[in-house]
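For the sequence shown, the residue numbers in this note's numbering are 18 to 349. Where a beta carbon is used, it is the ideal one built from N, C-alpha and C, also for glycine. Structure first, then comments.
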Amino acid sequence: MLGDSDQTMTGLSVGAAATTAGGIVKNPNCHEVVRQLSISPQLPALFSEPGLLSAQASISVVIPTLNEEKNLPWVLRRMPAYVDEVIIVDGRSQDKTVEVAKALRPDVVVVNETRKGKGVALRAGFAAATGDIIVMLDADGSMDPQEIGWFVAPLQHDFDFVKGSRHVTGGGSEDLTRLRKAGNRALTGLANAVLHSNYSDLCYGYIAFRRECLEVLELQSDGFEIETELIVRAARAGLRIAEVPSLELDRISGASNLQTFRDGWRVLHTLARECTLWEAPTAGARPEALRRVKYTYSNVRFPRLPVDPHSVLAPAMKPQEALVAAAVGQHA
Numbered sequence: 018m019l020g021d022s023d024q025t026m027t028g029l030s031v032g033a034a035a036t037t038a039g040g041i042v043k044n045p046n047c048h049e050v051v052r053q054l055s056i057s058p059q060l061p062a063l064f065s066e067p068g069l070l071s072a073q074a075s076i077s078v079v080i081p082t083l084n085e086e087k088n089l090p091w092v093l094r095r096m097p098a099y100v101d102e103v104i105i106v107d108g109r110s111q112d113k114t115v116e117v118a119k120a121l122r123p124d125v126v127v128v129n130e131t132r133k134g135k136g137v138a139l140r141a142g143f144a145a146a147t148g149d150i151i152v153m154l155d156a157d158g159s160m161d162p163q164e165i166g167w168f169v170a171p172l173q174h175d176f177d178f179v180k181g182s183r184h185v186t187g188g189g190s191e192d193l194t195r196l197r198k199a200g201n202r203a204l205t206g207l208a209n210a211v212l213h214s215n216y217s218d219l220c221y222g223y224i225a226f227r228r229e230c231l232e233v234l235e236l237q238s239d240g241f242e243i244e245t246e247l248i249v250r251a252a253r254a255g256l257r258i259a260e261v262p263s264l265e266l267d268r269i270s271g272a273s274n275l276q277t278f279r280d281g282w283r284v285l286h287t288l289a290r291e292c293t294l295w296e297a298p299t300a301g302a303r304p305e306a307l308r309r310v311k312y313t314y315s316n317v318r319f320p321r322l323p324v325d326p327h328s329v330l331a332p333a334m335k336p337q338e339a340l341v342a343a344a345v346g347q348h349a
């Protein structure tokens, strides 16, 4: 944690004061706050220290897009320099999504996908990825690319699959309503009971994994339920799993396609299907690269890394008189 974060915030204009709606701390200018913090000379660059990220492991980031021209500028400008490959999987956008992506990042890989569904897009992106590590990222600005270092570090310390969580210390959400939070808690509890796992946030798709895992996971889903498929199969296949804190922001522009009851039912259906029909591969069938660690399943919450983005971001997202309070949406 950065002990002098209170002093660092002094003099930083955060625009509108945070307001509370439905139990969620909201800040209309949260993305601008993050942007200002990222360029402040008083703050260390996240995960820029030599040695935190191995030069031997290449990183591919897969981003499904559909009419995201207003969101991509923030997302791509926040992409860390150590990311080797950015893959945009575009589902017939009617705006200038692809043009914006190419203008901001000339080396971007564009995959044009005519079929519908987040699962279809992600699987197409995974197939195109060349990196040793694959990171899943949403294009709407709800996931901060500057957190990628949190996900990559455990993968370089003998973990295979890293899951972001809004519900561990240091994580939070500006977009999680009380109803969705209750549903997520129920589904997470059910998944843990069935899988004998220790997940804290089932319904959050900020995920990274070693590319060799694709051979084990055998992904098939076409819709957003691919996230549940990934999480369940990772547990059932005995991969070494880590959770890291993540702060979910409001989307920058556009309307979310989430529907609480419909999507909750789809997650429940996928969980039931995966736990009854999918046969996890045997140890002997796992890729050699994945068998080098002991595969007694363990769900591990990775310890705090040297630089904690939320110790910096959270104070700016709350009123000054609440700086001593917990981070935005933080759960012990």
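Buried or exposed (CB count within 10 angstroms, at least 16 for buried), residue 184:
By the neighbour-count rule (16 or more Cβ atoms within 10 Å), residue 184 is buried.
Would you identify the three-state DSSP class for residue 305, choosing helix, strand or coil?
Residue confidence for residue 305 is low, a pLDDT of 48 falling below 50, so the modelled location carries little weight; the figure read from the coordinates is stated next. Correct three-state label for residue 305: helix.
Among 182, 164, 172 and 108, nearest to residue 256 - alpha-carbon criterion
With distances taken between CA atoms, residue 256 lies nearest to 172 out of 182, 164, 172 and 108.
Given residue 91 as reference, the closest of 121, 84, 284 and 74 once Cα atoms are compared:
Nearest option by C-alpha distance: 121.
Where residue 263 falls, given that 16 or more other Cβ within 10 Å makes a residue buried:
Buried, because 16 or more other Cβ atoms sit within 10 Å of the Cβ of residue 263.
Inter-stretch contact at 8 Å, needing at least 3 Cβ pairs: the segment 140-155 / the segment 75-86
In this structure the segment 140-155 touches the segment 75-86; the number of beta carbon pairs closer than 8 Å is three or more.
Could you tell me whether the segment 233-251 touches the segment 206-223, using the rule of 3 or more Cβ pairs below 8 Å?
These segments touch.
What residues in its chain sit with their C-beta under 7 Å from that of residue 40, if we drop five residues either side in the sequence?
Note that residue 40 has pLDDT 31, beneath the 50 cutoff, so the model's placement of it is unreliable and the number below is only indicative. So the qualifying residues of the chain are 195.
Could you name the residues that DSSP lists as bridge partners for residue 381?
The requested residue 381 does not occur in the structure, where the chain is confined to residues 18 to 349.
Spatial neighbours of residue 135 within its chain, please: C-beta separation below 7 Å, excluding the five flanking residues on both sides.
Within the same chain, residue 135 has close Cβ partners 81, 240, 241 and 243.
Three-state secondary structure (DSSP) at residue 35?
Because residue 35 carries a pLDDT of 31, less than 50, the predicted location of this residue cannot be relied on, and no value is offered for it.
Out of 225, 223 and 254, which one is the CA nearest neighbour of residue 235?
Closest by alpha carbon: 254.
Contact under 7 Å by Cβ, residue 141 with residue 127:
Against a cut-off of 7 Å, the Cβ pair of residue 127 and residue 141 comes out as no contact.
What are the uninterrupted segments assigned as alpha helix (DSSP H) that are 4 or more residues long and contained completely in the segment 208-275, given in chain order?
Scanning the segment 208-275 for uninterrupted alpha helix (DSSP H) segments of 4 residues or longer gives 230-234 and 243-253, listed from N- to C-terminal end.
Quick check: what's the CA-CA separation for residue 89 versus residue 114?
Straight-line Cα distance between these residues: approximately 7 Å.
For residue 102, three-class secondary structure by DSSP:
The three-state secondary structure of residue 102, taken from DSSP, is strand.
Using only CA atoms, which one of 86, 289, 285 and 73 lies nearest to residue 201?
Closest option to residue 201, Cα to Cα, is 285.
Here's the rule: buried if 16 or more other CB atoms are within 10 angstroms of the residue's CB, otherwise exposed. What is residue 282?
Looking at its Cβ environment, which holds fewer than 16 other Cβ atoms inside 10 Å, residue 282 is exposed.
Three-way DSSP call (helix, strand, coil) for residue 180 in this model
It is a strand residue.
Compare the Cα-Cα distances from residue 258 to each of 287, 213, 267 and 237 and report the closest residue.
For the residues 287, 213, 267 and 237, the minimum Cα distance to residue 258 belongs to 213.
By the 10 Å Cβ neighbour count, where 16 or more other Cβ atoms means buried, how is residue 158 classified, buried or exposed?
So residue 158 counts as buried.
Between the CA atoms of residue 96 and residue 102 - distance to the nearest angstrom:
Approximately 10 Å, taken between the alpha carbons.
For a quick check, are the C-beta atoms of residue 138 and residue 179 less than 7 Å apart?
Residue 138 is not a Cβ neighbour of residue 179, given a cutoff of 7 Å.
Taking residue 117 and residue 164 to be in contact with their CB atoms under 8 Å, please state how far apart those CB atoms are, rounded to whole angstroms.
With 8 Å as the limit, residue 117 and residue 164 do not qualify as a contact, their Cβ atoms being about 22 Å apart.
For the beta strand (DSSP E) containing residue 126, name the first residue and the last one.
Start and end: 126-129.
Span of the beta strand (DSSP E) holding residue 152?
Taken as a continuous stretch (DSSP letters only), the beta strand (DSSP E) holding residue 152 covers 150-153.
Given residue 211 as reference, the closest of 109, 293 and 111 once Cα atoms are compared:
If we check each option's Cα against that of residue 211, 293 comes out closest.
Rounded to the nearest angstrom, what separates residue 174 and residue 287 at their Cα positions?
Each residue's Cα considered, the two are about 30 Å apart.
To the nearest angstrom, how far is it from the Cα of residue 260 to the Cα of residue 232?
Computed Cα separation, rounded: 22 Å.
Could you tell me which residues DSSP puts in a beta bridge with residue 190?
Bridge partners of residue 190: 265.
Cutting at 6 Å between CB atoms, please list the residues of its own chain near residue 270, excluding the five before and the five after it.
Closer than 6 Å at the Cβ level, and outside the excluded window around residue 270, lie 87 and 88.
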